[in-house]
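Protein chains in written order, with the working numbering: chain A, 1 to 112; chain B, 1 to 112.
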Amino acid sequence: NAGVTQTPKFQVLKTGQSMTLQCAQDMNHEYMSWYRQDPGMGLRLIHYSVGAGITDQGEVPNGYNVSRSTTEDFPLRLLSAAPSQTSVYFCASRQGRFDGYTFGSGTRLTVV
Amino acid sequence: QQPVQSPQAVILREGEDAVINCSSSKALYSVHWYRQKHGEAPVFLMILLKGGEQKGHDKISASFNEKKQQSSLYLTASQLSYSGTYFCGTGRLLANTDKLIFGTGTRLQVFP
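The following block contains the structure:
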């Protein structure tokens, strides 16, 4: 099993550009989440999903959109990139609320 | 809403013990513990549920005080491989939600 796959691993964007970070899992997990990690801030929840067609906002949702059309995929869209969105982004999935998360390897995004 | 972890950093010699604490101002249903090594994704260690038993494997164990909304991670006879940043994540039992909120982390360094 591949687990949680994130693409790309690295990305540089110019301010104002848009892009989609991809996340796919092959474990048939219902729950998926996106986190961003900045030095000294820990992991902050952006958006999450409890199943296909169901998404909701986390702690820091502004500037990001998500959709969950299938169980496997949970893409994160940056609408208009800003330097404040420079961060490492992690996608994670778990089967249910009584299980631990499996994290992807992350996407390091730089906005210039 | 973000849980508070203490201490922020710990330095140990191999074989010494450590305790990392996590506290929340909200009523909790679950507490997760993860370890992240530099440049890698967080890795799930264990989950503690309200009303559940104290968890542990090998020389790492944890407890959950539901009344105080606090959890502690115990690392016994530390090994070099225990070095990394430890995060607690807290969850609340709310309908159709998966808001796992993480603390800012505790950096643990183990030296020979």
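We treat Cβ as the ideally placed atom computed from N, Cα and C, and that holds for glycine.
Min CB distance B/Asp58 to chain A below 8 Å: Reading the second sequence from its first residue, position 58 is the one you call residue 58 of chain B. Taking Cβ atoms only, chain A never reaches closer than 8 Å to B/Asp58, which makes this a no.
Sub-8 Å separation of A/Thr71 and B/Phe44 beta-carbons: Along the first sequence, read from residue 1 onward, the residue named residue 71 of chain A stands at position 71. Along the second sequence, read from residue 1 onward, the residue named residue 44 of chain B stands at position 44. In this structure, B/Phe44 does not lie closer than 8 Å to A/Thr71 by Cβ.
Per-residue DSSP class, three states only, for B/Ile86: To locate residue 86 of chain B, count along the second sequence from 1; it is residue 86. Checking the displayed sequence, the identity of residue 86 of chain B turns out to be Tyr instead of Ile. Strand, per DSSP.
Between the CA atoms of B/Trp33 and A/Leu21 - distance to the nearest angstrom: On the first sequence, residue 21 of chain A is found 21 positions in, with the first residue counted as 1. On the second sequence, residue 33 of chain B is found 33 positions in, with the first residue counted as 1. Each residue's alpha carbon lies about 26 Å from the other.
Below-8 Å beta-carbon distance, B/Pro42 vs any chain A residue: Within the second sequence, numbered from 1, the residue matching residue 42 of chain B stands at position 42. Chain A, which has a Cβ nearer than 8 Å to the Cβ of B/Pro42, makes this yes.
Within chain B, partners of A/Asp56 - CB distance below 9 Å: Walking along the first sequence from the start, residue 56 of chain A turns up at place 56. Chain B residues near A/Asp56: Asn96, Thr97, Asp98 and Lys99.
Coarse secondary structure for B/Leu108, derived from DSSP in three states: Stepping through the second sequence from its first residue, residue 108 of chain B is reached at position 108. B/Leu108 falls in the strand class under three-state DSSP.
Helix, strand or coil at B/Leu94 according to DSSP, with G and I counted as helix: Locating residue 94 of chain B in the second sequence gives position 94, where the first residue counts as 1. Looking at B/Leu94 - three-state DSSP - the assignment turns out to be coil, as it is neither helix nor strand.
Amino acids of chain A, ordered along the chain, whose beta-carbon sits closer than 8 Å to that of B/Leu75: For the purposes of this step, residue 75 of chain B is identified with residue 75 of the second sequence, where counting begins at 1. Scanning chain A for C-beta atoms nearer than 8 Å to the C-beta of B/Leu75 yields nothing, as the closest lies near 18 Å away.
Min CB distance B/Phe12 to chain A below 8 Å: Counting from one through the second sequence, the residue named residue 12 of chain B turns up at place 12. Note on residue identity: the sequence assigns Leu, not Phe, to residue 12 of chain B. It does not: the Cβ of B/Leu12 has no partner Cβ on chain A nearer than 8 Å.
Cross-chain neighbours of B/Leu28 in chain A, by beta carbon under 9 Å: For the purposes of this step, residue 28 of chain B is identified with residue 28 of the second sequence, where counting begins at 1. In chain order: nothing, as chain A lies at least about 12 Å away.
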